[in-house]
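Q:
Protein chains: 2
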Amino acid sequence: MLSHRNINELVDRYISTSFSVAKRAENLVKCQIGDDLTNDQHYMLRYIYKAQECTSTELADVFEVKRSAITAIINRLWEKGLIERTRDEKDRRVVYLSLTKNGAELFARTEERIYKLVESLIKKFDQKEIEQFMETYEKLDRVLLESKYKQEE
Amino acid sequence: MLSHRNINELVDRYISTSFSVAKRAENLVKCQIGDDLTNDQHYMLRYIYKAQECTSTELADVFEVKRSAITAIINRLWEKGLIERTRDEKDRRVVYLSLTKNGAELFARTEERIYKLVESLIKKFDQKEIEQFMETYEKLDRVLLESKYKQEE
DNA sequence: CTTTAATAATTAAACTGTTTAACTATTTGA
DNA sequence: TCAAATAGTTAAACAGTTTAATTATTAAAG
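Protein chains in written order, with the numbering used here: chain A, 1 to 153; chain B, 1001 to 1153.
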């Protein structure tokens, strides 16, 4: 059982580590991406690349932001010529988003560099350690989700 | 040894979990904070509360942003009456930042609620699991730091 | 000493990402 | 057929960020 003091220490330790890891990972990824894209824009390309085709509503659900925030990001990517918008002929309210040839190439090129980076980092950990870490991390994710539902009651 | 495919899967898994955990933690913390502060503002109060007194330059170093970004945040907190600015009498370039009575009370009140939240969450994990997780997390932090230095060469 | 450097902080302009609220266009369904 | 729902956009406003210029002050070199 953790004491009051231990809990406070743990909170501080978790906050400072998660802040630091997020910041450093962000900076390293930013170095691979270059100046053409922000990290958020790159994550957006990543999702669309993997989905091949998706809608603003889907992106808003996935990234947990309002649709108008998606419109803003997609507009910026569209202005850079990385994204295509195609109206659904059957339901003309719907706009499908996909990467242009340029967009897909840029993403693939960047992803290759990120892959190499991760490959070099991952060597420092053994597989069991990684597995254990990810399991706890995913458990934390589930616990936070439950807590959210409990709080909404 | 991890295969190409395993590395790609791990990257996806890590990205989606860290995104989700960060988002959910942020939302839960936001619920405890209320509408008076943003999460970033709360983190700023936290640091100043613990430091008791600090400068803009110190905050810029800690949070890894430019000093002008700190000025902007501090101005907003100052307008809310949560922060005090005191000029150093010996070196009149320096401005010391500290919490006002109101600021310290607001922080303490909020922190109490966050503490209770964490206490309830932490029960789901045993101490050994937490310790193992934090050790790997901190190791990741160190590995990212080394990688940054290596890249700068 | 005095002039030049450096330092601490701020300001202004510009940008990204975000929300809320209003609006357009289209489809659903009572 | 017409009111309600849905998909998406637009506009205004705000937080947080950077870069570049500015002010005030101190340190240091000659």
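Cβ atoms here follow ideal geometry from the backbone N, Cα and C, with glycine treated the same way.
In terms of alpha-carbon separation, which member of A:Q52, A:E119, A:F125 and A:L144 lies closest to S1003 of chain B?
A: The shortest Cα separation from S1003 of chain B among A:Q52, A:E119, A:F125 and A:L144 belongs to A:E119.
Q: Please list the residues of the stretch 106-119 of chain A that have a C-beta atom closer than 8 Å to any C-beta atom in chain B, keeping them in chain order.
A: Residues passing the 8 Å Cβ filter: I114, Y115, L117, V118 and E119.
Q: From the DSSP output, which residues share a beta bridge with S1098 of chain B?
A: For S1098 of chain B, which the question treats as bridged, DSSP gives the partners B:E1084.
Q: Identify, in the order they occur along the chain, each residue of the same chain with its Cβ nearer than 7 Å to the Cβ of T1100 of chain B, setting aside the five sequence neighbours on each side.
A: Within the same chain, T1100 of chain B has close Cβ partners G1081, L1082, I1083 and E1084.
Q: Chain A partners of K1023 of chain B, CB-CB under 7 Å?
A: Within 7 Å Cβ-Cβ: E64.
Q: Which same chain residues, not among the five before or five after L117 of chain A, have their C-beta less than 7 Å away from its C-beta?
A: Correct list, in chain order: L28 and Q32.
Q: When we look at the beta-carbon of S1197 of chain B and count the other beta-carbons within 10 Å, is it buried (16 or more) or exposed?
A: Nothing can be reported for residue 1197 of chain B, as the shown portion of chain B is limited to 1001 through 1153.
Q: Establish whether the CB of S1147 of chain B and some CB of chain A are separated by less than 8 Å.
A: Closer than 8 Å: yes.
Q: Quick check: is the beta carbon of R13 of chain A nearer than 8 Å to any beta carbon in chain B?
A: Chain B contact via Cβ: present.
Q: Which stretch, first to last residue, makes up the alpha helix (DSSP H) that contains E26 of chain A?
A: That run of the alpha helix (DSSP H) goes H4 to I33.
Q: Any C-beta of chain A sitting closer than 8 Å to the C-beta of K1128 of chain B?
A: For K1128 of chain B, the answer is no, since every Cβ of chain A falls outside 8 Å of its Cβ.
Q: Pull out every residue of the stretch 1020-1048 of chain B whose Cβ sits closer than 9 Å to any Cβ of chain A, in chain order.
A: Listed in sequence order: S1020, V1021, A1022, K1023, R1024, A1025, N1027, L1028, C1031, Y1043 and R1046.
Q: Give a yes or no on whether the minimum CB-CB distance between I7 of chain A and chain B is below 8 Å.
A: Output row for I7 of chain A: interface = yes.
Q: Between I7 of chain A and I1122 of chain B, how many whole angstroms is the CB-CB distance? I'm expecting something under 8 Å.
A: That belief holds up - the Cβ atoms of I7 of chain A and I1122 of chain B are roughly 7 Å apart, short of 8 Å.
Q: If contacts are defined as beta-carbon pairs under 8 Å, then V21 of chain A and D1035 of chain B qualify, I think. What distance do you get, rounded to the angstrom?
A: 29 Å between Cβ atoms; not a contact.
Q: For A1072 of chain B, count neighbouring C-beta atoms within 10 Å of its own C-beta (all shown protein chains included) and say buried if the count is 16 or more, exposed if not.
A: Classification of A1072 of chain B: exposed, given that the 10 Å Cβ count is below 16.
Q: If the cut is a Cβ gap below 7 Å, which residues of chain A does L1140 of chain B touch?
A: Residues of chain A passing the Cβ test: V21.
Q: Quick one: does V143 of chain A have its CB under 8 Å from some CB of chain B?
A: Yes, V143 of chain A counts as interfacial toward chain B.
Q: Just to check my reading of the structure: E138 of chain A and T1136 of chain B have Cβ atoms closer than 8 Å, yes? What is that Cβ distance to the nearest angstrom?
A: At roughly 14 Å, the Cβ-Cβ gap does not stay under 8 Å, so E138 of chain A and T1136 of chain B are not in contact.
Q: For R1013 of chain B and K1023 of chain B, what's the separation of their Cα atoms in angstroms?
A: Rounded to whole angstroms, R1013 of chain B to K1023 of chain B spans 15 Å at the Cα level.
Q: Since Q1041 of chain B and Q132 of chain A should fall inside the 8 Å C-beta cutoff, what is the C-beta to C-beta distance between them, to a whole number of angstroms?
A: 35 Å between Cβ atoms; not a contact.
Q: Kindly list, in the order they appear in chain B, the residues whose Cβ is closer than 9 Å to that of Q52 of chain A.
A: Within 9 Å Cβ-Cβ: nothing; Q52 of chain A doesn't reach chain B, min ~15 Å.
Q: In angstroms with no decimal places, state the Cα-to-Cα distance between L145 of chain A and T1086 of chain B.
A: Using only the alpha carbons, I get a separation of about 43 Å.
Q: Let me check understanding here. Comparing Cα to Cα, which of A:F63, A:Q52 and A:S147 lies closest to F107 of chain A?
A: Nearest option by C-alpha distance: A:Q52.
Q: Measure the alpha-carbon distance for S183 of chain A versus Y43 of chain A and round it to whole angstroms.
A: Lying outside 1 to 153, the shown extent of chain A, residue 183 of chain A is not represented and no answer is given.
Q: Would a C-beta distance cut-off of 8 Å place I1074 of chain B and S1098 of chain B closer than the cut-off?
A: It is not a contact, given that the beta carbons lie outside the stated cut-off.
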